[in-house]
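Asker: My structure is below; once you've seen it, I'll send some questions.
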Amino acid sequence: MKLSDLHHVTLFQEMLLLKNFEKQENILQERVNSLDKEEQDMQWKINETLKEMEEKKNEVAKLQDQEKALYSGFQTALGENNKFANFLMKVLKKRIKRVKKKEVEGDVDEEEESEESSEEESSLESDEDESGSEDEVFDDSICPTNCDMGLFELALQLREKRLDIEEALVEEKKMIDNLKKEHDTLSKKVKIVATNLNAAEEALEAYQREKQQRLNELLVVIPLKLHQIEYVLFGEIPSDLSGALVFSNRSLGRLQERIVQLHEENSKQQKLNKECRERRKQLIREKREMAKTIQKMEETVSQLMISKFGRVINLEALQTLSVNTTLEELKIKKLRKELSNVKEMKMWEVRMRGQVTPWAEVRTPSEQSGGPCRASLHPYS
Numbered sequence: 001m002k003l004s005d006l007h008h009v010t011l012f013q014e015m016l017l018l019k020n021f022e023k024q025e026n027i028l029q030e031r032v033n034s035l036d037k038e039e040q041d042m043q044w045k046i047n048e049t050l051k052e053m054e055e056k057k058n059e060v061a062k063l064q065d066q067e068k069a070l071y072s073g074f075q076t077a078l079g080e081n082n083k084f085a086n087f088l089m090k091v092l093k094k095r096i097k098r099v100k101k102k103e104v105e106g107d108v109d110e111e112e113e114s115e116e117s118s119e120e121e122s123s124l125e126s127d128e129d130e131s132g133s134e135d136e137v138f139d140d141s142i143c144p145t146n147c148d149m150g151l152f153e154l155a156l157q158l159r160e161k162r163l164d165i166e167e168a169l170v171e172e173k174k175m176i177d178n179l180k181k182e183h184d185t186l187s188k189k190v191k192i193v194a195t196n197l198n199a200a201e202e203a204l205e206a207y208q209r210e211k212q213q214r215l216n217e218l219l220v221v222i223p224l225k226l227h228q229i230e231y232v233l234f235g236e237i238p239s240d241l242s243g244a245l246v247f248s249n250r251s252l253g254r255l256q257e258r259i260v261q262l263h264e265e266n267s268k269q270q271k272l273n274k275e276c277r278e279r280r281k282q283l284i285r286e287k288r289e290m291a292k293t294i295q296k297m298e299e300t301v302s303q304l305m306i307s308k309f310g311r312v313i314n315l316e317a318l319q320t321l322s323v324n325t326t327l328e329e330l331k332i333k334k335l336r337k338e339l340s341n342v343k344e345m346k347m348w349e350v351r352m353r354g355q356v357t358p359w360a361e362v363r364t365p366s367e368q369s370g371g372p373c374r375a376s377l378h379p380y381s
């Protein structure tokens, strides 16, 4: 058969083998692609959720700033030394239950009933809230006497605005909580999908390795000339060439180049090894010199100890002893000083008692007659 026919046979065998592996490989590849797409979609959703959470947090911060600005603005409007400031602030901070806006309006009677019930509930809630702090009845439906009606109306208007802000805050926080739950759920799902994706990729890679191994096991006919065969055993070409290795001239050239590279690397390693040995010898010599120096210094220290203390002593123990000795000496000096002070105090007490002398008392005639007197004291000598 011609070489081209043999090549066609080899290609046909490879095609049959690839077709046998193609169906299962496509299934594995589709699973990998679907899991990869699912992971990317979930990751995109997670990023969008995080972005939306950040936006909601910014909205919450803005609403809180608006609430602070509302209180500060009302405080500025009240001014200083306003005797109704506490009442108006209570009106502003009072919690009432408002009727939510309905999408579909009902009958008028139902709306009136709901408004009445809401007013009753709000009054009950407000009474309960205020009863916790004050015993007196708090009525915000009537403006007190001598109270500025404009400030009272402003308090009611700002209260409505405050309630709007609080409702918006509640809604935003609910949305943030829902987004957090959604983020946690997506994170768990992403981990599961990532695990499945890794398993699918490993299965696909193992299947492809098996396919490549089966392709490598196909028999390929290669025509060789005698000068291309360098497998000689006992001076002859053996009849069985199953143990021979077939490779191209290009591969042979790379192997020969690698041999040269290995020789160069071997030379470098030998040079480095020689330098390391020289360095080791130098360090050993330096170690010996240092040992001799240390020994000489120890002998000198021992001689100095013998000349000063009469024997070799432990320096660490000597330092500890010197510290303790100094402390004991200070304690003894302190006791001696205290005794000396006590003796000196007693001596001065005795001297003071011995130096006490009678004082001369001079009385003038005016003193004797009962009038104003002048006395002069002179020490008795």
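If you read the sequence shown in UniProt numbering, its first letter stands for residue 1, the second for the next number, and so on. A virtual CB, placed ideally from N, CA and C, is assigned to each residue, including glycine.
Is the segment 1–8 touching the segment 156–167 in the sense that three or more CB pairs, one from each, lie closer than 8 Å?
Answerer: With the cut-off at 8 Å, the segment 156–167 and the segment 1–8 do not touch.
Asker: Please list, in chain order, all residues of the same chain as Gln29 whose beta carbon is under 7 Å from its beta carbon, the five residues on each side excluded.
Answerer: Along the sequence shown, one-based indexing puts residue 29 at 29. Cβ within range, chain order: Leu204.
Asker: Rounding to the nearest angstrom, what Cα-Cα distance links Met15 and His183 in this structure?
Answerer: Start at 1 with the first residue of the sequence shown, and residue 15 comes out as number 15. Start at 1 with the first residue of the sequence shown, and residue 183 comes out as number 183. One C-alpha to the other measures close to 48 Å.
Asker: Quick test of the definition: if touching needs 3 or more C-beta pairs under 8 Å, does the segment 223–238 touch the segment 55–66?
Answerer: With a cut-off of 8 Å, the segment 55–66 and the segment 223–238 do not count as touching, because too few Cβ pairs lie within range.
Asker: Can we say the segment 73–82 touches the segment 142–158, given the rule of at least three CB pairs closer than 8 Å?
Answerer: Yes: the two stretches touch, three or more of their Cβ pairs being nearer than 8 Å.
Asker: If you draw a straight line from the alpha carbon of Lys296 to that of Glu275, how long is it in whole angstroms?
Answerer: For the purposes of this step, residue 296 is identified with residue 296 of the sequence shown, where counting begins at 1. For the purposes of this step, residue 275 is identified with residue 275 of the sequence shown, where counting begins at 1. Answer to the nearest angstrom: the Cα atoms are 32 Å apart.
Asker: Where do the ends of the alpha helix (DSSP H) carrying Arg214 lie?
Answerer: Position 214 of the sequence shown, counted from the first residue, corresponds to residue 214. Counting along the chain, the alpha helix (DSSP H) containing Arg214 begins and ends at 149–216.
Asker: Given a cut-off of 8 Å on the beta-carbon distance, is the pair Leu186 and Thr49 in contact?
Answerer: As a first step, residue 186 is located in the sequence shown; it is residue number 186 there, counting from the start. As a first step, residue 49 is located in the sequence shown; it is residue number 49 there, counting from the start. In contact: Leu186 and Thr49 (Cβ atoms closer than 8 Å).
Asker: Since Leu169 contacts Leu63 with CB under 8 Å, what's their CB separation in whole angstroms?
Answerer: Within the sequence shown, residue 169 is the residue found at index 169, counting from 1. Within the sequence shown, residue 63 is the residue found at index 63, counting from 1. About 5 Å separates the two Cβ atoms, so the contact holds.
Asker: Taking the beta carbon of Val91 as the centre, do at least 16 other beta carbons fall within 10 Å, making it buried, or is it exposed?
Answerer: For this step, residue 91 is matched to residue 91 along the sequence shown. Answer is buried; the Cβ neighbour count reaches 16.
Asker: DSSP on Glu54, reduced to helix/strand/coil?
Answerer: Start at 1 with the first residue of the sequence shown, and residue 54 comes out as number 54. Glu54 falls in the helix class under three-state DSSP.
Asker: Just how far apart, CA to CA, sit Phe247 and Phe234?
Answerer: Counting from one through the sequence shown, the residue named residue 247 turns up at place 247. Counting from one through the sequence shown, the residue named residue 234 turns up at place 234. Cα-Cα distance, rounded: 22 Å.
Asker: How many angstroms separate the CA atom of Val342 from the CA atom of Trp348?
Answerer: Taking the sequence shown and counting its residues from 1, the one referred to as residue 342 is at position 342. Taking the sequence shown and counting its residues from 1, the one referred to as residue 348 is at position 348. The alpha-carbon atoms of Val342 and Trp348 are separated by roughly 10 Å.
Asker: I need the DSSP call for Leu28, collapsed to helix, strand or coil.
Answerer: What you label residue 28 is simply residue 28 of the sequence shown in a count that begins at 1. Three-state DSSP puts Leu28 in a helix.
Asker: Can you tell me whether Glu236 is helix, strand or coil according to DSSP?
Answerer: Translated into positions along the sequence shown, residue 236 becomes position 236. If DSSP states are grouped into helix, strand and coil, Glu236 belongs with the strands.
Asker: Assuming Leu245 is part of the alpha helix (DSSP H), what are its boundary residues?
Answerer: Counting from 1 along the sequence shown, the entry for residue 245 is found at position 245. Element bounds for Leu245: n/a, residue is neither H nor E.
Asker: Write down the C-beta distance between Leu35 and Leu197 rounded to the nearest angstrom, noting that I regard them as a contact closer than 8 Å.
Answerer: Walking along the sequence shown from the start, residue 35 turns up at place 35. Walking along the sequence shown from the start, residue 197 turns up at place 197. Right, their Cβ atoms sit about 4 Å apart.
Asker: Tell me whether the beta-carbon of Lys68 lies closer than 8 Å to the beta-carbon of Arg159.
Answerer: Here residue 68 corresponds to residue number 68 of the sequence shown, with the count starting at 1. Here residue 159 corresponds to residue number 159 of the sequence shown, with the count starting at 1. No; because the gap between Cβ atoms is not below 8 Å, this pair is not in contact.
Asker: Would the beta-carbon of Arg31 fall within 8 Å of that of Ala194?
Answerer: Along the sequence shown, one-based indexing puts residue 31 at 31. Along the sequence shown, one-based indexing puts residue 194 at 194. No, the pair does not count as a contact, with Cβ atoms beyond the cut-off.
Asker: If you run the structure through DSSP and keep just helix, strand and coil, what is Val9?
Answerer: Position 9 of the sequence shown, counted from the start, is the residue given in the question as residue 9. Reduced to three states, the DSSP call for Val9 is helix.
Asker: Hey, could you find the ends of the alpha helix (DSSP H) Thr293 is sitting in?
Answerer: In the sequence shown, residue 293 corresponds to position 293, counting from 1. From DSSP, the alpha helix (DSSP H) with Thr293 extends over 249–309.
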